[in-house]
Amino acid sequence: MGKNKKREIPTWDLPIIETHCHLDYLKDLPTQEILEKSKKSNIEKVVTIAVEPGNLDAVIAISNQFDNVYCTQGIHPHEAKKIDQTVLDKIVANLALPKVVAVGEIGLDYHYDNSPRQEQREFFEKQLQIAVDHDYPVVIHTRDADEDTVAILKNFSSSLKRKGVIHSFTSGMDLAKFCLDEGFHLGFNGIITFNSAQNVRNILDITPLERILVETDAPFLTPVPYRGRENAPYYLPFVIEKIAEVKNETIEEVLKKTYKNAFDVFKF
């Protein structure tokens, strides 16, 4: 085998649900081809995530085009400065559509501060309230904002009946334990395969298998051994493998539990 030859993507008989990606951001292949290739990796369902006012309609269009694709409605903290009441009203209206399964991607990001922190907090709270009012789970992004994330979630968690997921979890142990205690799931992706990500594997290790969702966050965070390429749902088996290794579980058990978890959260 040549030194640079990539491993084949492993496949198993049990299905996988991709709980977080951005299909409208993938550029290397047409969406239909990505989904066909993903089916060969036994990806049964895909959730494509809204992040900005400009792609609220795009994710709905993709989900309507493909039977196995679902979507969310929400605005990422990077784009909080673009939110106004019209955007919030549109999110609410679109929740009634049959392929919309969650409010997200919402939250706080103090790492880049692409939007003012006060606006991030304000619109995180307003979108959490939308989820409460309409009984939807949430898809939360949080980075370098553990304390404020806890403070805000404390005000909403008891009213947020369907909870949701802290996706691409890279935060501290205290936030992980708080979210797990409150009934949230944690989302893990290709980061857990990175040599530098022992802190994330430590969080994975203490997270019950019943509370783990698998995701790619494609086109970002491509797992080893395909780092450097655009990520896609069909790379999810590498995430499954790593979870099994870290949790000292069989592949079959990880597949069964994470599949059930996705249904528990999103109610497809």
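All residue numbers for the sequence shown refer to my numbering, where the first residue is 359 and numbers rise by one. Note that beta-carbon positions come from the ideal geometry of N, C-alpha and C, so glycine has one too.
Fully enclosed alpha helix (DSSP H) runs of no fewer than 4 residues occupy 531–540 of the segment 524–555, in order along the chain. Annotation: Thr507 is outside any beta strand (DSSP E); the continuous alpha helix (DSSP H) that includes it extends over 504–514.
Comparing C-alpha distances from Pro474 to each of Thr616, Thr389, Trp370, Lys439 shows the shortest one belongs to Lys439. Between Ser399 and Tyr592, the C-beta gap is smaller than 8 angstroms, which places the two residues in contact.
Separation of the CB atoms of Gly462 and Pro435 is rounded to 11 angstroms, and the pair is thereby denied contact status at 8 angstroms. Residue burial is scored here from C-beta neighbours: Leu579 has at least 16 other C-beta atoms within 10 angstroms and is therefore classed as buried. Asp563 sits in a helix when the DSSP states are folded into three classes. Counting along the chain, no beta strand (DSSP E) covers Val417; the unbroken alpha helix (DSSP H) around it starts and ends at 414–423. Spatial neighbours of Val508 in its own chain (CB-CB distance under 7 angstroms, excluding positions within 5 residues in sequence) are listed in chain order as Leu533, Phe536.
In the same chain as Leu511, and ignoring 5 residues on each side of it, the C-beta atoms closer than 7 angstroms to its own belong to Glu540, in chain order. Contact check for Glu588 against Pro577 passes: the beta carbons are separated by less than 8 angstroms. Within the same chain, Cβ atoms closer than 6 angstroms to the Cβ of Val459 are found at Tyr428, Phe624, the five residues on either side in sequence being excluded. Inside the segment 371–405, DSSP marks whole alpha helix (DSSP H) runs of 4 or more residues at positions 389–398, from first to last along the chain. As the crow flies, the alpha-carbon of Glu376 is around 10 angstroms from that of Pro595.
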